[in-house]
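Under our numbering, the sequence shown has 64 at position 43, and the numbering climbs by one with no breaks. Built from N, CA and C at the ideal position, the CB exists for glycine as well. Keep in mind it's a predicted model, so treat the numbers as computed, not measured.
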Amino acid sequence: MTETRRTQISDLSRTQLERFQRHLSLTGFGPEAQLRLLDSRVLVIGAGGLGAPILTYLAAAGVGTIDIVDHDVVDRSNLHRQVLHSEATIGRPKTESAAAVMRGLHPEVTVHEHREPIGPDNALALVETADIVVDGSDNFATRYVVSDACEIAGKPLVSGSILRFAGQVSLFWSAPDEAHWPSGGRGPTYRDLYPEAPDAGEVPTCAEAGVLGVLPGVIGTLMATETIKFLAGVGETLLGRVMTYDALTASFREVRLLPDPDREPVTSIGADVAGLGGGPGGAPASAGAACAVEEDPALHPVEGETDPYTGHPYGPEDIGIRDLQAAVEAGRVAGVVDVREPWEYAAGHVDGAVNVPLGELWHGSPVPGLEEASEDRPVVLYCKIGVRSRQALAVLRHRNPDAGLRNLVGGYEQVKAVTEAPSRSR
């Protein structure tokens, strides 16, 4: 919290009493929650598409101190979605443009502008001053750097992302208090959802794939809401849950997220983000090298060795793509299930696979072949790289402990690597 603490409603100025009267009269919120907001300090990464609604609503809601990290300038191509900026601010630093709007909404807000990239060298110092961090960056390098710094510092992190017509939001916290995490122990972090950074160019940026202009408003406002709830101490946050939104179907989905007990705690910041590149708020990274397909241990997983895609040790439930191909040809598979989202399935999938998204499995959707599955003739689950399919396997094991189930290591990325390799025989 900020140094100057307000402990009672008499500490508010007359203009603040007028400005926040709807909060002050709100049952379940009231003066106590408003005072918490005014005494809070938030670090926001990025003043672009997601940052625009985040910064606007945090300032308007009465957060006392807000730090903005962004080294970019306003460009005309930003304006269809970054509604904090305008034609009049083109060419100006985004932090400067944002700060002016925020002070216009709440003149008493303290805004610190950090016109620099965030990277391994400065992330921890920036994070340690905040009560909560909100990551509105647009690249994986920055997300991993911010997540690692928050995990080391024990700071809560609201994270969101958008692409094309979809987005997702969650709250991560490595060291949650009992009120937010009654089960105790370490809470889930970004690396529990995405253990390893993708290869450079594997996931397109918004500039490459496009984004619906209104989408950052939806996701960014949800991120601001989670931040305000956390600081004010009201409601139930998204800690332990990931919320996804599909604008085309106007649908929200929710997936549970638990910390991976086998994952080692983070001790260094952004150690594996080389080659991912930077972006607004994020530092450029050095070039990295990719492994050749024929050297990939995921082709023939050996129990006890580490899955390079997820960081998990291989277990008896894991199957490699070569073994899956052989089992399918021999008729020793009861079914192949793709647990990705429908749009991912539509973009490409294993021949003969059926699509049952992970979120639907959580809600009890049937799985073709599960009742007939055995250890000798299992149902094989896969996703993009093996993270969601491991979660799906755990869900189905709980539903049917005796069913034969396998997880395809490397997921569809491994399938593509093998089937698209020039040396593959046909």
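Subject >> Coil, strand or helix - N376 by DSSP >> reply: Locating residue 376 in the sequence shown gives position 355, counting from the first residue. Strand.
**OP:** Kindly indicate which three-state DSSP category R97 falls into: helix, strand or coil?
**Re:** Reading the sequence shown from its first residue, position 76 is the one you call residue 97. Note: R97 maps to helix in three-state DSSP.
**OP:** Tell me whether the beta-carbon of Q103 lies closer than 7 Å to the beta-carbon of G51.
**Re:** Along the sequence shown, read from residue 1 onward, the residue named residue 103 stands at position 82. Along the sequence shown, read from residue 1 onward, the residue named residue 51 stands at position 30. In this structure, G51 does not lie closer than 7 Å to Q103 by Cβ.
Subject >> the stretch 111 to 129 / the stretch 155 to 162 touching (three or more Cβ pairs under 8 Å) >> reply: Between the stretch 111 to 129 and the stretch 155 to 162 there are fewer than three inter-stretch CB-CB distances shorter than 8 Å, so the stretches are not counted as touching.
Original post:
Just checking, does the stretch 342 to 359 make contact with the stretch 385 to 402 on the three C-beta pairs under 8 Å criterion?
Top reply: Short answer: they touch.
Original post:
For A308, which three-state DSSP category applies?
Top reply: Start at 1 with the first residue of the sequence shown, and residue 308 comes out as number 287. Reliability fails at A308, whose pLDDT of 23 lies under 50, so the model's placement of it is uncertain and no value is given.
Original post:
Among G112, F186 and R212, which one has its Cα closest to the Cα of S168?
Top reply: Walking along the sequence shown from the start, residue 168 turns up at place 147. Ranking the options by Cα distance to S168, first place goes to R212.
Subject >> Selected residue, minimal CA-CA separation from A413, among R136, W383 and T36 >> reply: For the purposes of this step, residue 413 is taken as the residue at position 392 of the sequence shown. Nearest of R136, W383 and T36 to A413, Cα basis: W383.
**OP:** Assuming S195 contacts E172 (C-beta within less than 8 Å), just tell me the rounded distance between them.
**Re:** Here the question's residue 195 lines up with position 174 in the sequence shown. Here the question's residue 172 lines up with position 151 in the sequence shown. Between S195 and E172 the beta-carbon gap is near 4 Å, inside 8 Å, which marks them as a contact.
**OP:** Please check the pair G325 and V430, which I expect to be a contact at CB under 8 Å, by giving their CB distance rounded to whole angstroms.
**Re:** If you number the sequence shown from 1, residue 325 lands on position 304. If you number the sequence shown from 1, residue 430 lands on position 409. Actually they are not in contact, since the Cβ atoms of G325 and V430 sit about 13 Å apart, beyond 8 Å.
Subject >> Status (buried if at least 16 other CB within 10 Å, exposed otherwise) for F161 >> reply: Along the sequence shown, one-based indexing puts residue 161 at 140. Burial call: buried.
Original post:
What's the gap between the Cα of L297 and the Cα of I406?
Top reply: Sequence index remark: in the sequence shown, residue 297 carries index 276 (1-based). Sequence index remark: in the sequence shown, residue 406 carries index 385 (1-based). Legend: pLDDT at L297 = 47, less than 50; position of this residue unreliable, no value from coordinates given.
Subject >> Of the residues D93, V84 and D60, the one placed nearest I111, counting alpha carbons only >> reply: To locate residue 111, count along the sequence shown from 1; it is residue 90. Taking each of D93, V84 and D60 in turn and checking the Cα distance to I111, the smallest one comes out for D93.
Original post:
Is it buried or exposed for A245, if we count other Cβ within 10 angstroms and need 16 for buried?
Top reply: Against the sequence shown, residue 245 aligns to sequence position 224. That one is buried.
Original post:
Excluding five sequence neighbours on each side, which residues of the same chain lie with their C-beta closer than 8 Å to the C-beta of L178?
Top reply: One-based indexing of the sequence shown puts residue 178 at position 157. For L178, where only same-chain residues beyond five positions count, the Cβ hits under 8 Å are I153, V154, V155, D156, V167, S168, C171, L192, F193, W194, T210 and Y211.
**OP:** Report, in whole angstroms, the separation of the C-beta atoms of L279 and S61, which I expect to be a contact under 8 Å.
**Re:** Stepping through the sequence shown from its first residue, residue 279 is reached at position 258. Stepping through the sequence shown from its first residue, residue 61 is reached at position 40. Contact between L279 and S61 does not hold, since the beta-carbon distance rounds to 28 Å and is not under 8 Å.
Original post:
Just how far apart, CA to CA, sit E49 and E149?
Top reply: Here residue 49 is taken as the residue at index 28 of the sequence shown, counted from 1. Here residue 149 is taken as the residue at index 128 of the sequence shown, counted from 1. Here the sequence assigns Gly to residue 49, which means Glu is not the residue at that position. Here the alpha carbon of G49 sits roughly 30 Å from the alpha carbon of E149.
**OP:** Identify the continuous alpha helix (DSSP H) that holds A415 and give its terminal residues.
**Re:** One-based indexing of the sequence shown puts residue 415 at position 394. That run of the alpha helix (DSSP H) goes V408 to R420.
Original post:
Counting only runs that start and end within the stretch 155 to 216, where is the alpha helix (DSSP H) found for 4 or more residues in a row?
Top reply: Entirely contained in the stretch 155 to 216, the alpha helix (DSSP H) runs reaching 4 residues are, in chain order, 161 to 174 and 211 to 214.
Subject >> Test item: CB-CB of F41 and G83 under 7 Å >> reply: Here residue 41 corresponds to residue number 20 of the sequence shown, with the count starting at 1. Here residue 83 corresponds to residue number 62 of the sequence shown, with the count starting at 1. Yes. Within cutoff.
Original post:
In terms of DSSP beta bridges, what is F273 paired with?
Top reply: Sequence index remark: in the sequence shown, residue 273 carries index 252 (1-based). The secondary-structure analysis by DSSP pairs F273 across a beta bridge with Y266.
Original post:
Can you tell me the Cα-Cα spacing of E39 and E247, whole angstroms?
Top reply: Here residue 39 is taken as the residue at index 18 of the sequence shown, counted from 1. Here residue 247 is taken as the residue at index 226 of the sequence shown, counted from 1. Rounded to whole angstroms, the gap between the alpha carbons of E39 and E247 is 24 Å.
Original post:
In chain order, what residues of the same chain have a beta carbon less than 6 Å from the beta carbon of Y78, not counting five sequence neighbours either side?
Top reply: In the sequence shown, the residue the question calls residue 78 occupies position 57. Correct list, in chain order: A245.
Subject >> Spatial neighbours of P286 in its chain, beta-carbon cut-off 8 Å, leaving aside the 5 residues before and after >> reply: Translated into positions along the sequence shown, residue 286 becomes position 265. Correct list, in chain order: E172, S195 and R207.
Subject >> Inter-residue Cα distance where the pair is A81 and V232 >> reply: Taking the first residue of the sequence shown as 1, we reach residue 81 at position 60. Taking the first residue of the sequence shown as 1, we reach residue 232 at position 211. Whole-angstrom Cα-Cα distance: 26 Å.
Original post:
Is it the case that the Cβ atoms of L236 and I183 are separated by a distance below 7 Å?
Top reply: Taking the first residue of the sequence shown as position 1, residue 236 is located at position 215. Taking the first residue of the sequence shown as position 1, residue 183 is located at position 162. Yes, the pair counts as a contact, with Cβ atoms nearer than the cut-off.
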